[in-house]
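According to the numbering used here, the sequence shown is numbered sequentially starting from 2. Even glycine gets a Cβ: it sits at the ideal position worked out from N, Cα and C. See below for the structure under consideration.
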Amino acid sequence: MQLYGERLTCGRLAGEAATPPHALPGDRPVWTRDRVVDVKHTKIDIKLDVPGRGVAGTVTHTVAPLNEGARYVEFDAVDLAITAVQVARKPAEFSYDGTTLRVDLGADRRRGQDLAVAISYSARPRIGMYFIAPDAGYPQKPLQVWTQCQDEDTRYWLPCFDHPSEKQTSEIIATVPSSWYVLSNGRLLEEKANRDGTKRFHWHQDRPHSTYLFTLAAGELARINDSTPDLTIDYFVEEKDLDDARRTFANTPAMIALFERLFDAKYPWSKYSQVVVRDFVFGGMENTSATTMTENILFDRKAARDFTSDPLISHELAHQWFGDLMTCRDWSHGWLNESFATYLEMLWDEHHLGIDHYRQGAIENAELYFGERYRRPIVTNVFNQPIDLFDRHLYEKGSVVLAMLRSLLGDDQFFRSIQRYIRENQERSVITQDLAAAIEAETGRNLDWFFDQWVYRPGHPNLKVSWSYSDDHKLATVTVKQTQPTTDGTPIFRMPVTIDFRKGRTKPQSFRVEITEAEHTFVFPVSQKPDLCRFDPYGGVLKEVDFEKSVGELRLQLRDDDDVGGRQFAAAQLGKKGGLEAVVALETAVMTDKFWACQAAAAKALGTIRTAGARDALLRCLAVRNLKAKRAVVAALGEFRGDTTVFDAIAPIAKKDQSWFVEAEACRSVGKLRLEDSLEILKRNIDRHSFRQVVRIGCIDGLVELRSEAGLEILSRVARYGEAFQGRTPAVGALARLGVYFPDRKKLLGEEIAGYLEDPDFRVRIGAANALKALKDDSQIPALERMAARELDGRGVRMARENAIALRKGAGTEEEVKKLREEFEKLREENGRLRERVTTLEAKK
2 MQLYGERLTC
12 GRLAGEAATP
22 PHALPGDRPV
32 WTRDRVVDVK
42 HTKIDIKLDV
52 PGRGVAGTVT
62 HTVAPLNEGA
72 RYVEFDAVDL
82 AITAVQVARK
92 PAEFSYDGTT
102 LRVDLGADRR
112 RGQDLAVAIS
122 YSARPRIGMY
132 FIAPDAGYPQ
142 KPLQVWTQCQ
152 DEDTRYWLPC
162 FDHPSEKQTS
172 EIIATVPSSW
182 YVLSNGRLLE
192 EKANRDGTKR
202 FHWHQDRPHS
212 TYLFTLAAGE
222 LARINDSTPD
232 LTIDYFVEEK
242 DLDDARRTFA
252 NTPAMIALFE
262 RLFDAKYPWS
272 KYSQVVVRDF
282 VFGGMENTSA
292 TTMTENILFD
302 RKAARDFTSD
312 PLISHELAHQ
322 WFGDLMTCRD
332 WSHGWLNESF
342 ATYLEMLWDE
352 HHLGIDHYRQ
362 GAIENAELYF
372 GERYRRPIVT
382 NVFNQPIDLF
392 DRHLYEKGSV
402 VLAMLRSLLG
412 DDQFFRSIQR
422 YIRENQERSV
432 ITQDLAAAIE
442 AETGRNLDWF
452 FDQWVYRPGH
462 PNLKVSWSYS
472 DDHKLATVTV
482 KQTQPTTDGT
492 PIFRMPVTID
502 FRKGRTKPQS
512 FRVEITEAEH
522 TFVFPVSQKP
532 DLCRFDPYGG
542 VLKEVDFEKS
552 VGELRLQLRD
562 DDDVGGRQFA
572 AAQLGKKGGL
582 EAVVALETAV
592 MTDKFWACQA
602 AAAKALGTIR
612 TAGARDALLR
622 CLAVRNLKAK
632 RAVVAALGEF
642 RGDTTVFDAI
652 APIAKKDQSW
662 FVEAEACRSV
672 GKLRLEDSLE
682 ILKRNIDRHS
692 FRQVVRIGCI
702 DGLVELRSEA
712 GLEILSRVAR
722 YGEAFQGRTP
732 AVGALARLGV
742 YFPDRKKLLG
752 EEIAGYLEDP
762 DFRVRIGAAN
772 ALKALKDDSQ
782 IPALERMAAR
792 ELDGRGVRMA
802 RENAIALRKG
812 AGTEEEVKKL
822 REEFEKLREE
832 NGRLRERVTT
842 LEAKK
């Protein structure tokens, strides 16, 4: 599963109310559930009542008691109407309390005896099964029905043992309107027209899988066949989206071939389908053999210039092995699903785009994790609902941990170990020890220390690094200090790292060391004074580093380092130092570096320098060819507040460019400039169509940056139900972000935003919960608590609880936050003026 939306860095301004730790009040340890029976097979025979938003039918579970004399079995079943239960084709006694169905199996049941438990039921699900239909706000929306069961939502439309530790084969028989198609798990055994104008689809999955992977997606769908000689591969979309779908999913067969080769394991299921549905509540969901995708995955020709959906597609495909074939025994070990899928995104990039893109994936995932709201162990069983664990630790941090594991073991041992892990654990429920055991059995290496510090304990190392050279002794000295706080259980880390030195363009002299203490000093024999010292090149360790270097060394590193992370580090440091030499080096990097992320880092650094020379360099850099780099240039130009020359350069870009994303960035920067004509440009562009409404979202952010009270009315309009859904959640958040600058309107804005806590769109509800925290409106704490009590989507529960707690702790601090923001901006502007003076003096000198 991938969470809804693009991956965005989380972060807080200093002075904002502290966010609660991961474990909130009332959270308790959750253990793997006991099993009374082995569920061997589940047969689901249902009919959809589309107008009534209901489902009715019979589910038959074939179960075998695990112990002699087992008398009762319990099934998860929330808000269902249970009409009859049979055991071995005979009526059975049962009780039902609205959440648990308890069935009497009868006396003298033997261990291992197969029993068919048939449950007739009906439901109008509020979650788990979703009915999509047009309404007054969105009259063009099609009729569709689809399920989304992770983490434990199958119980809302089907009585079952709803826990990942149980696996069974399955079949789904669904009756739907005659013009519809039904996609489900496994092979299609039958598609039959009924006399009553309905149609019946019968799907069968012959390998065991967990209930959260059951799927049904139904509607008027068109099929694209992309099969290979060995495997049926197809994509289902609305008829109007066929061209975009072909473009979007084109790399799927190549991804399957890559993963089969890397892991020496054939694709494990009978087919691979991907279906795009409306209003999907995640980015994608890896249902066994049939992934469900958000409509946001589809992109047009213009977006294809600098956008791809390959990360989401490769992520969900990876789950067909990691998560579906091998499933975490309980959600505390969910990283075995999600971290692997996120890491395989990086492996696809490495294969398809090159090693620099693989390394860039690790850099970006590390940054996303660093911005997480708290620190927790990757494996923890303390939570309220399982979805609480689906955060930056489970996805991004875990993916970087796997990258570290590969770096530590080397490619041969790493991939052999993963291949063994798959061979020994397919169709099983797994825990982290199974992965560690496979590595030890395959390589002989005991990595308990590695898993202890990176998986079972929180945090990461914060390092302060310095180096010096003695001409007299021909020795280079490197000092490394671990500065991370350890009061929360974060350890002093054991880290094997490489340190190397280079003189001119010669081959680096490399040393492998191991850090085990809070402070280490290493001394290396080096015959000449190096121009460059690199600590952990190519990012073998997840870390934050403070490494002070001279401008000369940073310029050399920016120009010549073959590590994309090293070049980006050098760019950021040159931005902090400023000066004429830094500006020249950064402009050269924007225009000539071969990797877009290094170009973007250099552009961002020029924006932090904020001198006339840096501005002129960025204006020249608008000619850069790479569109992602150009996006960064346009964003950096937004730092030159009040500059009419910059405005004249980027206002036309806001209207039209080769890239939707560059246009969106120009709208943000127009707002940041805060000029008299900025509002008119944003008004002109906010209603333009664009891919994923990215231009509208850029205008929304621009209105916040502009800080004009007139922006509040515009934001209120685009947040309303019926507006383009991609922009509604950002607009609700922007109402709060802009509203903090107008305290007289705080009360009314708080009431307006609180109204969205009951919006039909769960994304807007979550956005509203976060917005109330940003607005610092503690009067809405009761509204957040009511949301937490009624919300069924676990993400909504989490955000409502978390933000209510944060507001209680930080109520009344909005004036301090506003003052801090204003003081920070004044300091930045003063720093820019000082740098300008220094640059002028340097030029005269």
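If I'm right that Arg34 touches Ser166 with Cβ under 8 Å, what's the distance once you round it to whole angstroms? In the sequence shown, the residue the question calls residue 34 occupies position 33. In the sequence shown, the residue the question calls residue 166 occupies position 165. About 7 Å; that satisfies the 8 Å criterion.
So, with DSSP's three-state summary, where would you put Ser315? For the purposes of this step, residue 315 is taken as the residue at position 314 of the sequence shown. Residue state, collapsed to three classes: helix.
Three-pair Cβ contact test at 8 Å for the segment 508-517 versus the segment 546-560: Judged by Cβ distances under 8 Å, the segment 508-517 makes no contact with the segment 546-560, as fewer than three pairs qualify.
Report yes if the CB atom of Trp147 is closer than 7 Å to the CB atom of Ala218, and no otherwise. In the sequence shown, the residue the question calls residue 147 occupies position 146. In the sequence shown, the residue the question calls residue 218 occupies position 217. It is a contact, given that the beta carbons lie within the stated cut-off.
Should the segment 457-465 be called in touch with the segment 488-496, which here means at least 3 C-beta pairs below 8 Å? These segments touch.
Quick one: what does DSSP say Ser670 is sitting in, helix, strand or coil? Sequence index remark: in the sequence shown, residue 670 carries index 669 (1-based). Helix at Ser670.
Contact defined as beta carbons within less than 8 Å: I believe His320 pairs with Glu287. What is the distance between those atoms, to the nearest angstrom? Walking along the sequence shown from the start, residue 320 turns up at place 319. Walking along the sequence shown from the start, residue 287 turns up at place 286. Rounded, the Cβ-Cβ distance is 3 Å, consistent with contact.
Buried or exposed: Gly734, going by 16 or more other Cβ atoms within 10 Å of its Cβ? In the sequence shown, the residue the question calls residue 734 occupies position 733. By the neighbour-count rule (16 or more Cβ atoms within 10 Å), Gly734 is buried.
Burial state of Leu785 (16 or more Cβ within 10 Å): What you label residue 785 is simply residue 784 of the sequence shown in a count that begins at 1. The residue is buried, with at least 16 neighbouring Cβ atoms inside 10 Å.
Following the continuous alpha helix (DSSP H) through Trp349, name the residue where it begins and the one where it ends. For the purposes of this step, residue 349 is taken as residue 348 along the sequence shown, with counting starting at 1. Taken as a continuous stretch (DSSP letters only), the alpha helix (DSSP H) holding Trp349 covers Trp336 to Leu354.
By Cβ distance below 6 Å, which residues in the same chain neighbour Thr328 in space, the five residues on each side in sequence not counted? Against the sequence shown, residue 328 aligns to sequence position 327. Sequence-distant partners of Thr328 (beyond 5 residues in either direction) whose C-beta falls short of 6 Å from its own C-beta, in its chain, are Pro165, Ser211 and Ser430.
Give me the Cα-Cα distance between Glu816 and Leu808, rounded to the nearest whole angstrom. As a first step, residue 816 must be located in the sequence shown, where it is residue number 815. As a first step, residue 808 must be located in the sequence shown, where it is residue number 807. Low per-residue confidence applies at Glu816: pLDDT is 49, beneath 50, and the placement is therefore not dependable, though the value from the model is reported in the following sentence. Rounded to the nearest angstrom, the two C-alpha atoms are 14 Å apart.
Which one of Ala519, Ile687 and Phe502 has the shortest CA to CA distance from Pro849? With the chain covering only 2 through 846, there is no way to say anything about residue 849.
Which residues mark the beginning and the end of the beta strand (DSSP E) in which Thr1 is found? The first residue shown for the chain is 2 and the last is 846, placing residue 1 beyond what the model contains.
Assigned secondary structure, Asn385 (DSSP; H/G/I helix, E/B strand, else coil): Here residue 385 is taken as the residue at index 384 of the sequence shown, counted from 1. In this structure, Asn385 counts as coil in the three-state DSSP scheme.
If you draw a straight line from the C-alpha of Pro378 to the C-alpha of Asp453, how long is it? Numbered from 1 along the sequence shown, position 377 holds the residue referred to as residue 378. Numbered from 1 along the sequence shown, position 452 holds the residue referred to as residue 453. Their backbone Cα atoms lie some 10 Å apart in a straight line.
Output needed for Asp163: all residues of its chain with C-beta closer than 6 Å, excluding positions within five of it in sequence on either side, in chain order. The residue labelled residue 163 in the question sits at position 162 within the sequence shown. The residues are Asp77, Glu153, Thr155, Arg156 and Thr212.
Among Arg196, Val56 and Ala119, the one whose alpha carbon lies nearest that of Met130: Working through the sequence shown from its first residue, we reach residue 130 at position 129. Residue Val56 is the option with its Cα nearest to Met130.
Leaving out five residues before and five after Met2 in sequence, what residues of the same chain have Cβ atoms less than 6 Å from its Cβ? The residue given as residue 2 occupies position 1 in the sequence shown. So the list reads Gln151, Phe283 and Met286, once near-sequence residues are dropped.
Among Asp532, Asp350, Asp561 and Leu406, which has the Cα closest to the Cα of Leu436? Translated into the one-based positions of the sequence shown, residue 436 becomes position 435. Checking every option, the nearest Cα to that of Leu436 belongs to Leu406.
Extent of the continuous alpha helix (DSSP H) run through Ser408: Locating residue 408 in the sequence shown gives position 407, counting from the first residue. Ser408 -> alpha helix (DSSP H) spans Gly399 to Leu410.
Using 6 Å as the cut-off, classify the Cβ of Met347 as near or not near the heavy atoms of the ligand FAD, replying yes or no. No copy of the ligand FAD occurs in the structure displayed, which carries no ligand at all.
Output needed for Leu557: all residues of its chain with C-beta closer than 6 Å, excluding positions within five of it in sequence on either side, in chain order. Position 556 of the sequence shown, counted from the first residue, corresponds to residue 557. The answer, listed in chain order, is Asp532 and Leu533.
Return the chain-ordered list of same chain residues with a C-beta closer than 8 Å to the C-beta of Phe323, the five sequence neighbours on each side being excluded. One-based indexing of the sequence shown puts residue 323 at position 322. Closer than 8 Å at Cβ, skipping near neighbours: Leu337, Asn338, Phe341, Ala342 and Leu345.
Just curious, the beta strand (DSSP E) that Ala291 is in, first and last residue? Looking up residue 291 in the sequence shown gives position 290. Residues Ala291 to Thr295.
Comparing C-alpha positions only, which one of Tyr122, Arg626, Asn686 and Val671 sits nearest to Gln659? As a first step, residue 659 must be located in the sequence shown, where it is residue number 658. Checked all of Tyr122, Arg626, Asn686 and Val671; the closest Cα to Gln659 is Arg626.
In terms of residues, what are the limits of the alpha helix (DSSP H) holding Leu750? Within the sequence shown, numbered from 1, the residue matching residue 750 stands at position 749. In the DSSP annotation of this structure, the continuous segment of the alpha helix (DSSP H) that includes Leu750 starts and ends at Lys747 to Gly756.
Measuring CA to CA, which of Tyr539, Lys605 and Ile806 is closest to Ser780? Within the sequence shown, numbered from 1, the residue matching residue 780 stands at position 779. Selected option, being the one with the closest Cα: Ile806.
Quick test of your reading: Thr84 and Ser121, contact by CB under 8 Å. State the CB separation rounded to the nearest angstrom. Here residue 84 refers to the residue found at position 83 when the sequence shown is read from its first residue. Here residue 121 refers to the residue found at position 120 when the sequence shown is read from its first residue. Yes, they are in contact, since the Cβ atoms of Thr84 and Ser121 sit about 5 Å apart, within 8 Å.
So what's Tyr457 in DSSP terms, helix, strand or just coil? As a position in the sequence shown, residue 457 is number 456, starting the count at 1. In the structure shown, Tyr457 sits in coil (DSSP, three-state: anything other than H, G, I, E or B).
Could you check how far apart the C-beta atoms of Ile715 and Ile687 are, in whole angstroms? I think they sit under 8 Å. Along the sequence shown, one-based indexing puts residue 715 at 714. Along the sequence shown, one-based indexing puts residue 687 at 686. With a contact defined as Cβ atoms closer than 8 Å, Ile715 and Ile687 qualify at about 7 Å.
Name the DSSP beta bridge partners of Pro178, please? Translated into positions along the sequence shown, residue 178 becomes position 177. Partner(s): Thr199.
In the structure shown, what three-state DSSP assignment does Ile128 receive? Your numbering for residue 128 matches position 127 in the sequence shown. In this structure, DSSP gives Ile128 a state outside helix and strand, which the three-state scheme calls coil.
Within 7 Å, strictly: CB atoms of Arg729 and Ala737: The residue given as residue 729 occupies position 728 in the sequence shown. The residue given as residue 737 occupies position 736 in the sequence shown. Going by C-beta atoms, Arg729 is not nearer than 7 Å to Ala737.
What are the complete alpha helix (DSSP H) segments, minimum 4 residues, inside the segment 715-792? For the segment 715-792, whole alpha helix (DSSP H) runs of length 4 or above, ordered along the chain, are 726-740, 747-756, 763-776 and 782-791.
In this structure, does DSSP put Met2 in helix, strand or coil? The sequence position of residue 2 within the sequence shown is 1, counting from 1. Here Met2 sits in coil by DSSP.
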